[in-house]
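A.B. asks: Residue numbers for the sequence shown, in UniProt numbering: 1 to 176.
The beta carbon of each residue, even a glycine, is placed where N, CA and C say it ideally should be.
Fair warning: this is a prediction, and the values are worked out from it, not measured in the lab.
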Amino acid sequence: MSAILEKCFGVATEAPPNFMINVLTTDSCAWNDNLSCVILSYLFRINFKSSNLFTIIKTFRFEAGHQLAHHDGACKHPHGHSYVLEIQVKSGTLIDDGPKKNMVIDFHHISDIVKPMINTYFDHKWLNDTLETDSPTSEFIARWIYRHLDRQIPGLHAIGLSETATSKVIYTETDS
């Protein structure tokens with residue numbers, strides 16, 4: 001780990017990795033390479049502290065049905081929603097060169113990952129079956145989606161999921 005930190009950030013340490021991770025900032029990333037910083041952030045849970053953060057949000061829609069078997073209200077009956085899904089990606093830097101220059105991530109890249117997941121598990125599906133639960137709440141679905149996408153989308157920050165125009169959950173596994 002120390003060798004990786006020295007190569008990437010120009011910092012060598014014998015201190016435990018968690019100590020080093022806590023003092024790193026985006027500005028110390030010697031590579032000045034967004035993808036490397038995002039990968040290191042993911043692999044080592046480095047929390048880049050930066051006052052300049054971009055949040056990219058890609059929105060998707062799908063129709064699905066479910067039933068909350070143990071609910072004490074109307075949701076115990078079979079019903080459906082027109083869901084709105086938001087994929088939120090955060091980064092403190094932009095890609096330096098190439099066809100994705102000055103992007104955090106290409107929106108099409110997010111779509112290429114998310115659309116097959118939606119088609120397989122969500123769109124016009126009975127969520128109790130596809131998610132294998134008797135209580136596919138919005139909270140459960142948002143967490144399921146986050147964990148399904150976490151290793152596929154660099155910089156994934158949060159999942160927003162609305163089942164109605166006035167009801168939305170946001171799920172994240174990060175501190176910021």
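State the start and end residues of the unbroken beta strand (DSSP E) segment that holds Ile-95.
C.D. replies: It is not in any beta strand (DSSP E) - Ile-95 carries neither H nor E in the DSSP assignment.
A.B. asks: According to DSSP, is His-109 helix, strand or coil?
C.D. replies: Note: His-109 maps to helix in three-state DSSP.
A.B. asks: Need the endpoints of the alpha helix (DSSP H) that Ala-142 sits in, please.
C.D. replies: Where Ala-142 is concerned, the enclosing alpha helix (DSSP H) stretches over 138-149.
A.B. asks: Quick one: what does DSSP say Val-104 is sitting in, helix, strand or coil?
C.D. replies: In this structure, Val-104 counts as coil in the three-state DSSP scheme.
A.B. asks: Could you give the distance in angstroms between the alpha-carbon of Ile-56 and the alpha-carbon of Lys-168?
C.D. replies: Going by the C-alpha atoms only, they are around 18 Å apart.
A.B. asks: Measure the beta-carbon distance from Pro-136 to His-66 and round it to whole angstroms, keeping in mind my assumption that it falls under 8 Å.
C.D. replies: That pair is a contact at about 5 Å.
A.B. asks: The alpha helix (DSSP H) spanning Thr-130 covers which residue range?
C.D. replies: Taken as a continuous stretch (DSSP letters only), the alpha helix (DSSP H) holding Thr-130 covers 127-130.
A.B. asks: So Val-114 packs on Phe-62, CB below 8 Å; how close in whole Å?
C.D. replies: The pair is not a contact, with the Cβ atoms about 10 Å apart (cut-off 8 Å).
A.B. asks: According to DSSP, is Ile-87 part of a helix, a strand, or is it coil?
C.D. replies: Strand.
A.B. asks: The beta strand (DSSP E) that contains Thr-55, what's its start and end?
C.D. replies: Segment 54-66, the beta strand (DSSP E) holding Thr-55.
A.B. asks: So, with DSSP's three-state summary, where would you put Ile-153?
C.D. replies: Correct three-state label for Ile-153: coil.
A.B. asks: Do Gly-160 and Ile-170 have their beta-carbon atoms positioned less than 9 Å apart in this structure?
C.D. replies: Cβ distance < 9 Å, so Ile-170 and Gly-160 count as in contact.
A.B. asks: Quick one: Cα of Asp-72 to Cα of Pro-78, how far?
C.D. replies: Using only the alpha carbons, I get a separation of about 13 Å.
A.B. asks: Return the first residue and the last residue of the beta strand (DSSP E) that Ser-167 is part of.
C.D. replies: Unbroken beta strand (DSSP E) run through Ser-167: 167-171.
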